[in-house]
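In the order they appear, the protein sequences are chains A and B.
No gaps in the numbering here: position 37 of the first sequence is 37 in the numbering used here, and each next residue is one more.
No gaps in the numbering here: position 226 of the second sequence is 1226 in the numbering used here, and each next residue is one more.
Number of protein chains: 2
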Amino acid sequence: ALECINVDKYYIMGSYKIYALRNVNIKVNYGDLVSIVGPSGSGKSTLLHVIGTLDRPSKGAVKIDSIDVTNFSESELSRFRREKIGFVFQFFNLVTYLTAVENVALPMLFSRKYNSKEAEIRAKLLLSLVGLPEQRFKNTPRQLSGGQQQMVAIARALANDPAVILADEPTGNLDLESTSKFLSTIRFLNEVTKKTFVIVTHNAEVATFTKNIKFIRDGIIYEKPPEDFL
Amino acid sequence: ALECINVDKYYIMGSYKIYALRNVNIKVNYGDLVSIVGPSGSGKSTLLHVIGTLDRPSKGAVKIDSIDVTNFSESELSRFRREKIGFVFQFFNLVTYLTAVENVALPMLFSRKYNSKEAEIRAKLLLSLVGLPEQRFKNTPRQLSGGQQQMVAIARALANDPAVILADEPTGNLDLESTSKFLSTIRFLNEVTKKTFVIVTHNAEVATFTKNIKFIRDGIIYEKPPEDFL
Ligand SMILES: Nc1ncnc2c1ncn2[C@@H]1O[C@H](COP(=O)(O)OP(=O)(O)OP(=O)(O)O)[C@@H](O)[C@H]1O
Ligand SMILES: Nc1ncnc2c1ncn2[C@@H]1O[C@H](COP(=O)(O)OP(=O)(O)OP(=O)(O)O)[C@@H](O)[C@H]1O
Ligand SMILES: [Mg+2]
Ligand SMILES: [Mg+2]
């Protein structure tokens, strides 16, 4: 399980503090399918980064499988992440000079779980699973449309077969058909291989699909939508 | 008016050509409110870049106010663009080391339409119009959430009070409230100041809002949705 315990996250801008998260307590168990909804700037990306150990909390603790990792070194954290967590970033973070297949294979070469031949075969399979046409496999991100880059980012998050996938607005650039393909892939992976998904979204169809929705506003997490939420 | 006449756009990948646009004929008149819908990779961004003179067609002609600008030099085109066309790019293209206000003011300093004091006042007004909270005005893009960056990108497109705004998936990162604020701003600017908008979108609410919808699939434009479109 991934846990945040009494987590604050703030930024210091000149003379005042901007709170992105306020006293957040959240636990995600293996096999969960959770969505996080909230207005622009409410702290959704910050929450994914903190629970996924990409960002450190300003106060409070983060636990992975009941181990307090809040003060782990960066290299210890990156080993935890590589083994357990896949990310789909809000703005992809693809490597611009690598092809779609290379972008998806890269995490597999870092984790040494697969050799380069296996990584390539696995990368091609994941790209077809998310709907990228085969003749785009050798395109770099600049040669792909926005939605196609999003497909590469989703495939890359699945590269090392992680137990948990943290996805930040994964359908923002996808058309209706790719969105529904994405949702059926999630359902399949969650039900059959018990993968855990935490999905930040503004898309009502995606949120209701997960059945376990957390609401966030001004850095505070609610189990039910607060007054005049939407 | 902006026009594409028999426009092809293709990319050469090794031994074959990828057609992003095929024999496109489209005319956008001043005061129009048009949306372009189509699957990922169908040519929407390419169409906006070509009709907005950011990209050259592989075949065919582009006209602005009946002037054939297809073979104009880059500096002639950039003068046309600065005077007439505002862009909201699919991935923003904000300048990372400038603040929100500076990003919006920058096009005004290039066009010399406003001095730096006027540009700052106008930039702040545009940012509040699109919904960015005032205490974020001095944040750089890295210090803003995805939706907040989108608001800056929309405000920047309005900087020089252009006659035409080309927006590529402008609500992809916006929450429901900001999306409806964006739509009412568009309606106000279109009805009261006769601004022209061409909006690429996967969002059905945005598409139906424009009343004039063009469909695109595999680079071909249709006035009505082709067979099994969605
Ligand atoms: N530089 C390039 N080299 C090769 N192919 C390219 C290049 N740029 C775009 N393409 C291809 O052209 C096609 C059209 O791309 P475009 O970005 O216009 O799609 P789009 O309709 O905007 O899609 P999305 O909704 O995913 O943003 C895509 O199949 C894309 O892979
Ligand atoms: N480095 C930073 N410095 C200052 N403020 C920051 C920084 N990073 C984020 N913020 C602020 O923290 C708040 C939360 O940001 P976050 O990116 O988590 O929002 P979000 O819910 O993901 O929004 P969106 O839906 O627009 O992506 C925002 O108000 C943002 O301006
Ligand atoms: Mg975000
Ligand atoms: Mg596009």
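No residue lacks a Cβ here, since even glycine has one placed at the ideal position from N, Cα and C.
CB of Val1094/B within 9 Å of CB of Asn1103/B, strictly = Here residue 1094/B corresponds to residue number 94 of the second sequence, with the count starting at 1. Here residue 1103/B corresponds to residue number 103 of the second sequence, with the count starting at 1. The question names Val, but residue 1094/B in the sequence shown is Leu. Yes, these two residues count as a Cβ contact at 9 Å.
Which residues, taken in chain order from the region 1169-1198 of chain B, show a beta carbon closer than 7 Å to some beta carbon of chain A?
-> Glu1169, Gly1172, Asn1173, Leu1174, Asp1175, Leu1176, Glu1177 and Ser1178
Any heavy atom of ligand 4 nearer than 7 Å to the CB - residues listed = Ser145/A, Gly146/A, Gly147/A, Lys1044/B, Ser1045/B, Gln1090/B, Asp1168/B, Glu1169/B and Val1200/B
Determine, using beta carbons only, whether Asn103/A comes closer than 9 Å to chain B.
-> In the first sequence, the residue the question calls residue 103/A occupies position 103. Answer no: the Cβ-Cβ gap between Asn103/A and chain B never drops below 9 Å.
Who are the Cβ neighbours of Lys1224/B in its own chain at under 8 Å, not counting the five residues just before and after it?
-> Here residue 1224/B corresponds to residue number 224 of the second sequence, with the count starting at 1. Excluding residues within five positions, the ones whose Cβ falls inside 8 Å are Phe1215.
Check whether the Cβ of Met13/A lies closer than 8 Å to any heavy atom of ligand 2, and answer yes or no.
-> Walking along the first sequence from the start, residue 13/A turns up at place 13. True, at least one ligand heavy atom lies under 8 Å from that Cβ.
So which of Gly219/A, Pro226/A and Gln150/A has the shortest CA-CA distance to Val50/A?
-> Along the first sequence, read from residue 1 onward, the residue named residue 50/A stands at position 50. Checking every option, the nearest Cα to that of Val50/A belongs to Gly219/A.
Locate the beta strand (DSSP E) running through Val1028/B, then write down its first and last residues.
-> Start at 1 with the first residue of the second sequence, and residue 1028/B comes out as number 28. Tyr1016 to Val1028 is the extent of the beta strand (DSSP E) around Val1028/B.
Whose Cβ in chain A lies nearer than 8 Å to the Cβ of Tyr1011/B?
-> On the second sequence, residue 1011/B is found 11 positions in, with the first residue counted as 1. Per Cβ cutoff of 8 Å: Gln143.
Would a C-beta distance cut-off of 9 Å place Leu1101/B and Pro1057/B closer than the cut-off?
-> Here the question's residue 1101/B lines up with position 101 in the second sequence. Here the question's residue 1057/B lines up with position 57 in the second sequence. The sequence shown places Val at residue 1101/B, rather than the Leu named in the question. Going by C-beta atoms, Val1101/B is not nearer than 9 Å to Pro1057/B.
Inter-stretch contact at 8 Å, needing at least 3 Cβ pairs: the region 138-154 of chain A / the region 196-207 of chain A = no
Could you tell me which of Phe87/A, Ser15/A and Tyr30/A sits nearest to Ile231/A, measuring between CA atoms?
-> The structure shown does not extend to residue 231/A, since chain A is modelled only from 1 through 230, so no value can be given for it.
If you measure from the beta carbon of Phe209/A to each beta carbon in chain B, is any gap under 9 Å?
-> Position 209 of the first sequence holds residue 209/A. Output row for Phe209/A: interface = no.
Can you give the beta carbon distance from Leu189/A to Ala159/A, rounded, assuming they're within the 8 Å contact cut?
-> Along the first sequence, read from residue 1 onward, the residue named residue 189/A stands at position 189. Along the first sequence, read from residue 1 onward, the residue named residue 159/A stands at position 159. Not a contact, Cβ separation roughly 13 Å.
Would a C-beta distance cut-off of 9 Å place Asp175/A and Pro1226/B closer than the cut-off?
-> Working through the first sequence from its first residue, we reach residue 175/A at position 175. Working through the second sequence from its first residue, we reach residue 1226/B at position 226. No, they are not a contact pair.
Could you tell me which residues DSSP puts in a beta bridge with Leu129/A?
-> Taking the first sequence and counting its residues from 1, one reaches residue 129/A at position 129. Note: Leu129/A sits in no beta bridge, so no partner.
Which chain A residues are close to Gly1147/B, counting only those with a beta carbon under 7 Å from its beta carbon?
-> Within the second sequence, the letter at position 147 stands for residue 1147/B. Going along chain A in sequence order, the residues near Gly1147/B (Cβ under 7 Å) are Ser40 and Gly41.
For Leu109/A, does the three-state DSSP call read helix, strand or coil?
-> Stepping through the first sequence from its first residue, residue 109/A is reached at position 109. Leu109/A falls in the helix class under three-state DSSP.
Reference Gly146/A, options Leu1098/B, Arg1136/B and Thr1046/B, closest by Cα = One-based indexing of the first sequence puts residue 146/A at position 146. Ranking Leu1098/B, Arg1136/B and Thr1046/B by Cα distance to Gly146/A puts Thr1046/B first.
Would you list, in chain order, the members of the region 85-99 of chain A that have their beta-carbon closer than 9 Å to a beta-carbon of chain B?
-> Gln90, Phe91 and Phe92
Member of Tyr16/A, Lys181/A, Asp55/A and Asp161/A whose CA lies at the smallest distance from the CA of Ser111/A | To locate residue 111/A, count along the first sequence from 1; it is residue 111. For Ser111/A, the nearest C-alpha among the options comes from Asp161/A.
Buried or exposed by the 16-neighbour rule on C-beta atoms within 10 Å, applied to Asp68/A | The residue labelled residue 68/A in the question sits at position 68 within the first sequence. Exposed is the call here.
Quick one: measure Cβ to Cβ for Thr1185/B and Leu1129/B, integer angstroms, because I've assumed they're closer than 8 Å.
-> Locating residue 1185/B in the second sequence gives position 185, where the first residue counts as 1. Locating residue 1129/B in the second sequence gives position 129, where the first residue counts as 1. Contact holds; Cβ gap of about 6 Å.
Per DSSP, which residues does Glu217/A bridge with? Please list them.
-> For this step, residue 217/A is matched to residue 217 along the first sequence. According to the sequence shown, residue 217/A is Arg rather than Glu. DSSP, once it has assigned bridges, lists Ile220/A as partnering Arg217/A.
Give a yes or no on whether the minimum CB-CB distance between Ser1045/B and chain A is below 9 Å.
-> Against the second sequence, residue 1045/B aligns to sequence position 45. For Ser1045/B, the answer is yes, since a Cβ of chain A falls inside 9 Å of its Cβ.
From the DSSP output, which residues share a beta bridge with Leu1166/B?
-> Working through the second sequence from its first residue, we reach residue 1166/B at position 166. Answer is Phe1087/B and Val1198/B.
Going by DSSP, name the residue or residues bridged to Leu1144/B.
-> Position 144 of the second sequence, counted from the start, is the residue given in the question as residue 1144/B. Partner(s): none; Leu1144/B has no beta bridge.
Grab the span of the alpha helix (DSSP H) containing Val1050/B for me, first residue to last.
-> Indexing the second sequence from 1 puts residue 1050/B at position 50. Residues Lys1044 to Ile1051.
Under a three-way DSSP split, which group does Lys1003/B fall into?
-> Taking the second sequence and counting its residues from 1, the one referred to as residue 1003/B is at position 3. Per the sequence shown, the amino acid found at residue 1003/B is Glu instead of Lys. Three-state result, Glu1003/B: strand.
Residues of its chain near Phe1092/B, where Cβ-Cβ distance is below 6 Å and the 5 sequence neighbours each way are ignored = Position 92 of the second sequence, counted from the start, is the residue given in the question as residue 1092/B. Excluding sequence neighbours, Phe1092/B sits near Gln1149 and Ala1153.
Who are the near neighbours of Ile1018/B in its chain, counting only those whose CB is closer than 7 Å to its CB and skipping five residues on each side?
-> Within the second sequence, numbered from 1, the residue matching residue 1018/B stands at position 18. Counting only Cβ-Cβ distances below 7 Å, and skipping sequence neighbours, we find Tyr1010 and Tyr1011.
Taking buried to mean at least 16 other C-beta atoms within 10 Å of its own C-beta, is Ala155/A buried or exposed?
-> Position 155 of the first sequence, counted from the start, is the residue given in the question as residue 155/A. Ala155/A comes out buried.
is_contact[Tyr114/A, chain B] using C-beta, thresh 9 Å = The count along the first sequence starts at 1 and reaches residue 114/A at position 114. Taking Cβ atoms only, chain B never reaches closer than 9 Å to Tyr114/A, which makes this a no.
Compute the Euclidean distance between the alpha carbons of Thr96/A and Asn139/A, then round it to the nearest angstrom.
-> Numbered from its first residue, the first sequence carries residue 96/A at position 96. Numbered from its first residue, the first sequence carries residue 139/A at position 139. Using only the alpha carbons, I get a separation of about 10 Å.
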